[in-house]
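>
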Amino acid sequence: MMSPDQPRARLRLDAALDGLTATFGGMTADPDEHNCECHWGSPEDLAQLKTPDVRLDPDLLRRTWQAWDWSDHASVLRRILPQLAPALVAGLVEQPLSGMAEIGQSFARGHWQQWPDAQAEAVGEFLHAWWAATLTDPAPAVPAYAVLALCTEAAGTLTPWLDDWATLTGPPADQHLAELAAQWEYDLLGDQLPWGAWDNEEETRTELTAWLVRHAPARLRAHGASEELLHRIRLLGLTGPDRWEDPHWPDRRY
Numbered sequence: 391m392m393s394p395d396q397p398r399a400r401l402r403l404d405a406a407l408d409g410l411t412a413t414f415g416g417m418t419a420d421p422d423e424h425n426c427e428c429h430w431g432s433p434e435d436l437a438q439l440k441t442p443d444v445r446l447d448p449d450l451l452r453r454t455w456q457a458w459d460w461s462d463h464a465s466v467l468r469r470i471l472p473q474l475a476p477a478l479v480a481g482l483v484e485q486p487l488s489g490m491a492e493i494g495q496s497f498a499r500g501h502w503q504q505w506p507d508a509q510a511e512a513v514g515e516f517l518h519a520w521w522a523a524t525l526t527d528p529a530p531a532v533p534a535y536a537v538l539a540l541c542t543e544a545a546g547t548l549t550p551w552l553d554d555w556a557t558l559t560g561p562p563a564d565q566h567l568a569e570l571a572a573q574w575e576y577d578l579l580g581d582q583l584p585w586g587a588w589d590n591e592e593e594t595r596t597e598l599t600a601w602l603v604r605h606a607p608a609r610l611r612a613h614g615a616s617e618e619l620l621h622r623i624r625l626l627g628l629t630g631p632d633r634w635e636d637p638h639w640p641d642r643r644y
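Residues in the sequence shown are numbered from 391 upward in steps of one, following my numbering.
#1: For aspartate 554, which residues in the same chain have their Cβ closer than 8 Å to its Cβ, ignoring the five residues on either side in sequence?
#2: Report the option in Gln495, Met417 and Val483 whose CA atom is closest to the CA atom of glutamine 509.
#3: Whole-angstrom Cβ separation of glutamine 573 and proline 528, contact assumed at under 8 Å?
#4: Where do the N-terminal and C-terminal ends of the alpha helix (DSSP H) with proline 433 fall, by residue?
#5: May I ask you to report which of helix, strand or coil DSSP gives valine 513?
#6: In three-state terms, what does DSSP make of alanine 457?
#7: Less than 8 Å between the CB atoms is what I'm expecting for leucine 450 and aspartate 435, so what's the real figure, rounded?
#8: Would you give the residue range spanned by the alpha helix (DSSP H) that arginine 642 belongs to?
#9: So alanine 480 and alanine 406 are supposed to be a Cβ contact under 8 Å. How far apart are they, rounded?
#10: To the nearest angstrom, report how far apart valine 537 and cysteine 426 are at their CA atoms.
#11: Valine 483: which of His501, Asp462, Leu446 and Asp459 sits nearest, CA to CA?
#12: At which residues does the alpha helix (DSSP H) containing aspartate 577 begin and terminate?
#13: Could you check what DSSP says for cysteine 428 in three-state terms: helix, strand or coil?
#14: Using a Cβ-Cβ cut-off of 8 Å (strictly less than) and excluding sequence neighbours within five positions of lysine 511, which residues of its own chain qualify?
#15: Just to confirm the assignment, what range does the alpha helix (DSSP H) spanning valine 537 have?
#16: Are glycine 580 and alanine 491 closer than 8 Å when you measure CB to CB?
#17: Cα separation between leucine 540 and leucine 620?
#18: Does DSSP put glutamate 591 in a helix, in a strand, or in coil?
#19: Starting from leucine 487, follow the alpha helix (DSSP H) in both directions and report where the run begins and ends.
#20: By DSSP, does serine 496 sit in helix, in strand, or in coil?
#21: Can you check the region 598-635 for any alpha helix (DSSP H) of at least 4 residues that lies completely inside it and give the ranges in chain order?
#22: By Cβ distance, which residues of its chain are closer than 6 Å to arginine 402, with the 5 residues on each side in sequence left out?
#23: Whose C-alpha, out of Thr557, Gln495 and Glu618, is nearest the C-alpha of alanine 568?
Below you can see the structure in the form of structure tokens.
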């Protein structure tokens with residue numbers, strides 16, 4: 391079922407993608423940028439990053455955002471954003487083994503929030519627009535829980551994304567909440583964040599758990615989630631023996 395918010399959210403996302411192209415089109419990596427030819431790529435690959443608006447093949451795009459040792463990560467990120475962002479939205483960026491949070495960490499390494507106002511606003515608007523479009527889309531190319539991990543790592547905070555989800559209700563948003571709960575309850579019941587965070591891992595896990603305990607039960611019940619899943623979310627609100635001695639504690643090892 392299409393959410394009444396979906397067309398508006400998609401228009402916002404399209405505008406945000408256009409904004410990235412307008413803001414970062416024509417940019418290049420620093421002329422003195424370099425990387426290891428053995429582990430990253432050839433001089434010809436590097437030359438493409440120093441040439442404006444040359445479209446990178448998917449493997450080169452992946453190697454570029456994934457590399458952690460650029461001397462000027464910000465300029466490299468600005469160079470690839472007009473291509474990387476729509477590829478992310480379309481689900482064309484292969485999810486790394488560590489999950490989509492790793493891509494968010496590439497954003498964070500670029501310190502985009504410290505860029506000139508127009509550039510920082512363009513990146514922030516893209517992330518928020520993608521998140522809103524994901525929550526209103528019954529079949530997004532990237533699961534909402536993966537987008538949440540990416541946005542959290544990119545922005546260095548979980549709060550605004552959960553705030554958006556708390557106010558955006560309806561079948562698609564609740565469906566995505568059920569998918570997140572089913573995907574992540576195992577890790578959360580083991581007191582683990584479901585992705586490898588760059589920083590503040592324990593604080594992020596605590597915030598996510600508290601939010602789910604508060605907001606998820608009623609929405610999951612209305613969505614038709616199983617009693618088993620509802621009990622798993624309830625258990626997140628318990629600690630110590632109250633949790634693992636509960637009759638609904640799952641029979642599994644941590």
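For each residue, glycine too, the CB sits at the ideal point set by N, CA and C.
In short, the structure shows the following:
#1: For this step, residue 554 is matched to residue 164 along the sequence shown. Once the five neighbours on either side are set aside, the close Cβ partners of aspartate 554 are His518, Trp521, Ala522 and Leu525.
#2: Translated into the one-based positions of the sequence shown, residue 509 becomes position 119. That would be Met417, whose Cα lies nearest to the Cα of glutamine 509.
#3: For the purposes of this step, residue 573 is identified with residue 183 of the sequence shown, where counting begins at 1. For the purposes of this step, residue 528 is identified with residue 138 of the sequence shown, where counting begins at 1. Contact between glutamine 573 and proline 528 does not hold, since their C-beta atoms are separated by about 17 Å, which reaches or exceeds 8 Å.
#4: Numbered from its first residue, the sequence shown carries residue 433 at position 43. Its alpha helix (DSSP H) spans residues 433-439.
#5: Position 123 of the sequence shown holds residue 513. In this structure, valine 513 counts as helix in the three-state DSSP scheme.
#6: By 1-based counting over the sequence shown, the position of residue 457 is 67. Alanine 457: coil per DSSP, three-state reduction.
#7: Translated into the one-based positions of the sequence shown, residue 450 becomes position 60. Translated into the one-based positions of the sequence shown, residue 435 becomes position 45. Indeed, because the Cβ distance is near 6 Å, the residues count as touching under 8 Å.
#8: Taking the first residue of the sequence shown as 1, we reach residue 642 at position 252. No alpha helix (DSSP H) contains arginine 642, which DSSP labels as neither H nor E.
#9: If you number the sequence shown from 1, residue 480 lands on position 90. If you number the sequence shown from 1, residue 406 lands on position 16. Contact doesn't hold; Cβ gap of about 14 Å is too wide.
#10: In the sequence shown, counting from the first residue as 1, residue 537 sits at position 147. In the sequence shown, counting from the first residue as 1, residue 426 sits at position 36. Answer to the nearest angstrom: the Cα atoms are 30 Å apart.
#11: Start at 1 with the first residue of the sequence shown, and residue 483 comes out as number 93. Answer by Cα proximity: Leu446.
#12: If you number the sequence shown from 1, residue 577 lands on position 187. Annotation for aspartate 577: the continuous alpha helix (DSSP H) segment containing it runs 561-579.
#13: Here residue 428 is taken as the residue at index 38 of the sequence shown, counted from 1. Coil at cysteine 428, not helix or strand.
#14: As a working note, residue 511 is residue 121 in the sequence shown. For the sequence presented, residue 511 should be read as glutamate rather than lysine. Cβ contact annotation for glutamate 511 (same chain, cutoff 8 Å, sequence separation greater than five): none.
#15: Here residue 537 corresponds to residue number 147 of the sequence shown, with the count starting at 1. Where valine 537 is concerned, the enclosing alpha helix (DSSP H) stretches over 534-545.
#16: To locate residue 580, count along the sequence shown from 1; it is residue 190. To locate residue 491, count along the sequence shown from 1; it is residue 101. No. Outside cutoff.
#17: Along the sequence shown, one-based indexing puts residue 540 at 150. Along the sequence shown, one-based indexing puts residue 620 at 230. C-alpha separation (whole angstroms): 26 Å.
#18: Taking the sequence shown and counting its residues from 1, one reaches residue 591 at position 201. The answer is helix: DSSP assigns glutamate 591 an H, G or I state.
#19: To locate residue 487, count along the sequence shown from 1; it is residue 97. Neither: leucine 487 is in no alpha helix (DSSP H) and is coded neither H nor E.
#20: The residue you call residue 496 lines up with position 106 of the sequence shown. DSSP places serine 496 within a helical segment (H, G or I) once states are collapsed to three.
#21: Within the region 598-635, the complete alpha helix (DSSP H) runs of at least 4 residues are 617-626 and 630-634.
#22: Here residue 402 refers to the residue found at position 12 when the sequence shown is read from its first residue. Excluding sequence neighbours, arginine 402 sits near Ala519.
#23: Numbered from 1 along the sequence shown, position 178 holds the residue referred to as residue 568. The residue from Thr557, Gln495 and Glu618 with its alpha-carbon nearest to that of alanine 568 is Glu618.
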